[in-house]
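S.K.: Dropping the structure in here first, questions after.
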Amino acid sequence: MPSSKVKLAPLKYLSSYSLEVQDQVRTMIEQDTLGQFLLKKHPKVHDIKNDKLLREYVINLKNTHLRKSSPLSKVIYDKKIHAVNNALGLHTFISRVQGNKLKSKNEIRISDIFKTAPEVFLEMIVVHELAHIRIKQHDKAFYQLCQHMLPNYHQLEFEMRVYLTQLELKGQIYK
1 MPSSKVKLAP LKYLSSYSLE VQDQVRTMIE QDTLGQFLLK KHPKVHDIKN DKLLREYVIN
61 LKNTHLRKSS PLSKVIYDKK IHAVNNALGL HTFISRVQGN KLKSKNEIRI SDIFKTAPEV
121 FLEMIVVHEL AHIRIKQHDK AFYQLCQHML PNYHQLEFEM RVYLTQLELK GQIYK
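Shown next, in the form of structure tokens:
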């Protein structure tokens, strides 16, 4: 039976969700309706296609929610992130001694798969990486900060994981 193979296939982006939720997504995969679900929920992609626009977008979010935190020295789309680090975005923090002062640099790199995604998925990844400026580890305080900046953070994270599942199994639905 062909559908049993799909049922047994692990959904790596959704593995931390309940079996009931995973089964609902598997049913949508079997019925080939996952892409339609995403397009209905998030019909348009954003226009933030280059590093300059991404930097402006990130700085605007940072200034809205984390005004007093350290400045960002670099914000870019990175085509290597997804394949190399098995991540969607990276926040790096580098401290250097210059003379008798300690200088720090914060960088945010976003996987370039988000160039052709709905803005809410880009926003969710950016909020996640911005939260790392204040809180380095993924703990309760970290996720509270994410929710403070983006109240529907957890729902968007789930939908973004469904989007990644769609990308992996069926390819791009947004052009």
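In terms of full-length UniProt numbering, the sequence shown has 118 at position 118, counting the first letter as 1, and numbering is strictly consecutive.
For each residue, glycine too, the CB sits at the ideal point set by N, CA and C.
Select from Glu-20, Glu-107, Leu-11 and Tyr-17 the residue whose C-alpha is nearest the C-alpha of Ser-70.
M.R.: Glu-107
S.K.: Go ahead and pull the three-state DSSP assignment for residue 177.
M.R.: The structure shown does not extend to residue 177, since the chain is modelled only from 1 to 175, so the question has no answer here.
S.K.: Would Leu-150 and Arg-134 be called neighbours here (beta carbons separated by less than 8 Å)?
M.R.: no
S.K.: Whose C-alpha, out of Thr-116, Arg-161, Phe-121 and Val-126, is nearest the C-alpha of Pro-16?
M.R.: For the sequence presented, residue 16 should be read as Ser rather than Pro. The shortest Cα separation from Ser-16 among Thr-116, Arg-161, Phe-121 and Val-126 belongs to Arg-161.
S.K.: Grouping DSSP H, G and I as helix and E and B as strand, with all else coil, what is Asn-100?
M.R.: If DSSP states are grouped into helix, strand and coil, Asn-100 belongs with coil.
S.K.: Per the contact definition of three or more C-beta pairs closer than 8 Å, is the stretch 45–56 in contact with the stretch 113–124?
M.R.: yes
S.K.: Here's the rule: buried if 16 or more other CB atoms are within 10 angstroms of the residue's CB, otherwise exposed. What is Arg-67?
M.R.: Arg-67 should be labelled exposed.
S.K.: Could you round the C-beta distance between His-38 and Val-25 to whole angstroms and report it? I think they count as a contact, below 8 Å.
M.R.: The question names His, but residue 38 in the sequence shown is Leu. Incorrect: roughly 11 Å between the Cβ atoms, too far for contact.
S.K.: What are the boundary residues of the alpha helix (DSSP H) that Ile-76 is part of?
M.R.: Here Ile-76 belongs to no alpha helix (DSSP H); instead the beta strand (DSSP E) covers 72–78.
S.K.: Could you give the residue range of the alpha helix (DSSP H) that holds residue 185?
M.R.: Because the chain spans 1 through 175 in this model, residue 185 falls outside it and cannot be assessed.
S.K.: Measure the CB-CB distance between Asp-78 and Arg-109 and report whether it falls below 8 Å.
M.R.: Yes.
S.K.: For Tyr-153 and Val-127, which I take to be in contact (beta-carbon distance under 8 Å), what is that distance rounded to the nearest angstrom?
M.R.: 6 Å
S.K.: What would DSSP say about Asp-106, mapped onto helix, strand or coil?
M.R.: One point to set straight first is that residue 106 is Asn, not Asp, in the sequence displayed. Three-state result, Asn-106: strand.
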